[in-house]
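Notes follow the structure.
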Amino acid sequence: MKLIDTHCHLDEIENLDSVLEEAREVGVTGIIAVGINYATNLKVLELAEKYNDSVYPALGLHPQELPEMDDTEVDRTLSQIEEHISRAVAIGEIGLDYHKRVRALASKERQQAVLRDVILLAKKYEKPVSIHSRYAWRDALTIATKVGIKDAVFHWYTGPSSVLRDLLSQGYYISATPATEYHSEHRRAVREAPLDRLLLETDSPVSYGREDRYTAVPKDVLRSLNATSEITGVDNGSLAEQTTQNAIRFFRLPVTM
Ligand SMILES: [Zn+2]
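Residue numbers (this note's numbering): 5 to 261.
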């Protein structure tokens, strides 16, 4: 069985040699390492070079970073993404976050303007995007469609079915995290998405679980797989095959992996 963790903050994980070895042992042959700002973008590029048989970099500008960034820093990060775009398989993590704590420090308008600029870059260089859309599902979709980006994944989607229907009709994808084991909105979205629009991920090192909390690492993409298998009724072998093919197609990864 081959699996791809399509959204992982690998730069935040310690003991990477053993973490990656453990991932490989359960069949994880590829990991998309996403950046969130200038410093982490540099790190994911380094990691992709060091672990070039399995780690693929995505360069991003996360809405939760905006409170710490003035307009000059935003521009510097956009220029950095453009400069290194040929080495990246995608642009991400990018998006909108309308949680009130984030909105209080980075207005909706500012978040939307930055998202528009970064999606324009993705469009210019024909790269897929990995979108964070917490409480901002409709606005994130509207910006993606207005800019006219072709390939987008709404990562860890937990939004309403109406937005899900519309994003699927644009040809976009969603991704399933280990929260598929227990989170009802996420489970509903995973149930409603067709299998050819589903990617698996961990968003490591996020903490998951209701009673037993744990910090995710890439091998936990197996949890995403098994819970998705349980939700959809598709056996995990077929599901692994399908979602890995989806990831190879979406990120244009080497087909040999
Ligand atoms: Zn993330």
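Yeah, the Cβ is synthetic: ideal placement off N, Cα and C, and Gly gets one too.
Through-space distance from residue 101 to residue 189, alpha-carbon basis: Numbered from its first residue, the sequence shown carries residue 189 at position 185. Numbered from its first residue, the sequence shown carries residue 101 at position 97. One C-alpha to the other measures close to 17 Å.
heavy atom of ligand 2 below 6 Å from residue 207 C-beta: This structure lacks ligand 2; its bound ligands are ligand 1.
Proximal residues to residue 221 (C-beta, below 8 Å), its chain only, five neighbours per side dropped: Looking up residue 221 in the sequence shown gives position 217. Once the five neighbours on either side are set aside, the close Cβ partners of residue 221 are 17, 23, 26, 27, 206, 208 and 209.
Minimum C-alpha distance to residue 110 - residue among 72, 89 and 132: Within the sequence shown, numbered from 1, the residue matching residue 110 stands at position 106. Out of 72, 89 and 132, 72 has the C-alpha closest to the C-alpha of residue 110.
Cross-strand partners of residue 255 (DSSP beta bridge): Position 251 of the sequence shown, counted from the first residue, corresponds to residue 255. Its beta-bridge partners do not exist; DSSP assigns none.
Where residue 42 sits in the DSSP three-state scheme: Indexing the sequence shown from 1 puts residue 42 at position 38. Here residue 42 sits in helix by DSSP.
Residue 97 beta carbon near ligand 1 (any heavy atom closer than 6 Å): Translated into positions along the sequence shown, residue 97 becomes position 93. Yes - ligand 1 has a heavy atom lying nearer than 6 Å to the Cβ of residue 97.
Pair within 7 Å by beta-carbon distance, residue 135 and residue 175: Within the sequence shown, numbered from 1, the residue matching residue 135 stands at position 131. Within the sequence shown, numbered from 1, the residue matching residue 175 stands at position 171. No, the Cβ-Cβ distance between residue 135 and residue 175 is not below 7 Å.
At least 3 beta-carbon pairs within less than 8 Å: the region 179-186 vs the region 230-245: yes
Element boundaries [beta strand (DSSP E), containing residue 26]: Position 22 of the sequence shown, counted from the start, is the residue given in the question as residue 26. That residue, residue 26, is in no beta strand (DSSP E); its alpha helix (DSSP H) goes 20-29.
Whether residue 203 touches residue 240 by CB criterion (7 Å): On the sequence shown, residue 203 is found 199 positions in, with the first residue counted as 1. On the sequence shown, residue 240 is found 236 positions in, with the first residue counted as 1. Contact flag unset, no.
Contact check, residue 30 vs residue 223, beta carbons under 7 Å: By 1-based counting over the sequence shown, the position of residue 30 is 26. By 1-based counting over the sequence shown, the position of residue 223 is 219. Contact: yes.
As assigned by DSSP and simplified to three states, the class of residue 62: For the purposes of this step, residue 62 is taken as residue 58 along the sequence shown, with counting starting at 1. Looking at residue 62 - three-state DSSP - the assignment turns out to be strand.
Neighbour-count burial assignment, residue 15, 16 or more Cβ in a 10 Å radius: In the sequence shown, the residue the question calls residue 15 occupies position 11. Residue 15 should be labelled buried.
Per-residue burial, residue 167 [other beta carbons within 10 Å of its own, 16 or more giving buried]: The residue you call residue 167 lines up with position 163 of the sequence shown. Buried, since its Cβ has 16 or more Cβ neighbours within 10 Å.
Nearest-angstrom beta carbon gap, residue 82 and residue 122 [assumed within contact, 8 Å]: As a first step, residue 122 must be located in the sequence shown, where it is residue number 118. As a first step, residue 82 must be located in the sequence shown, where it is residue number 78. Correct: roughly 7 Å between the Cβ atoms.
Integer-rounded CB distance, given that residue 129 should sit under 8 Å from residue 89: Taking the first residue of the sequence shown as 1, we reach residue 89 at position 85. Taking the first residue of the sequence shown as 1, we reach residue 129 at position 125. Confirmed, Cβ separation roughly 5 Å.
Per DSSP, the bridge partner or partners of residue 157: Numbered from its first residue, the sequence shown carries residue 157 at position 153. BP columns for residue 157 point to 134 and 177.
Whole-Å CB distance - residue 112 paired with residue 153, under 8 Å assumed: As a working mapping, residue 112 is identified with position 108 in the sequence shown. As a working mapping, residue 153 is identified with position 149 in the sequence shown. About 20 Å; that fails the 8 Å criterion.
Buried or exposed by the 16-neighbour rule on C-beta atoms within 10 Å, applied to residue 259: To locate residue 259, count along the sequence shown from 1; it is residue 255. The residue is exposed, with fewer than 16 neighbouring Cβ atoms inside 10 Å.
Distance between beta carbons of residue 147 and residue 125, contact taken as under 8 Å: As a position in the sequence shown, residue 125 is number 121, starting the count at 1. As a position in the sequence shown, residue 147 is number 143, starting the count at 1. Contact doesn't hold; Cβ gap of about 13 Å is too wide.
Cβ-based neighbour list, residue 235, same chain, cut-off 8 Å, excluding 5 preceding and 5 following: Counted from its first residue, the sequence shown places residue 235 at position 231. Here the set comprises 184, 191, 194 and 195.
Cα-Cα separation, residue 62 to residue 237: Your numbering for residue 62 matches position 58 in the sequence shown. Your numbering for residue 237 matches position 233 in the sequence shown. Taking the straight line joining both Cα atoms gives about 32 Å.
Length of the line joining the Cα atoms of residue 244 and residue 84: Residue mapping note: residue 244 aligns to position 240 of the sequence shown, counting from 1. Residue mapping note: residue 84 aligns to position 80 of the sequence shown, counting from 1. Looking at the two C-alpha atoms, the distance is approximately 34 Å.
Span separating the alpha-carbon of residue 46 from that of residue 58: Reading the sequence shown from its first residue, position 42 is the one you call residue 46. Reading the sequence shown from its first residue, position 54 is the one you call residue 58. Each residue's alpha carbon lies about 17 Å from the other.
Residue from 170, 138, 214 and 145 with nearest C-alpha to residue 67: Reading the sequence shown from its first residue, position 63 is the one you call residue 67. Residue 138 is the option with its Cα nearest to residue 67.
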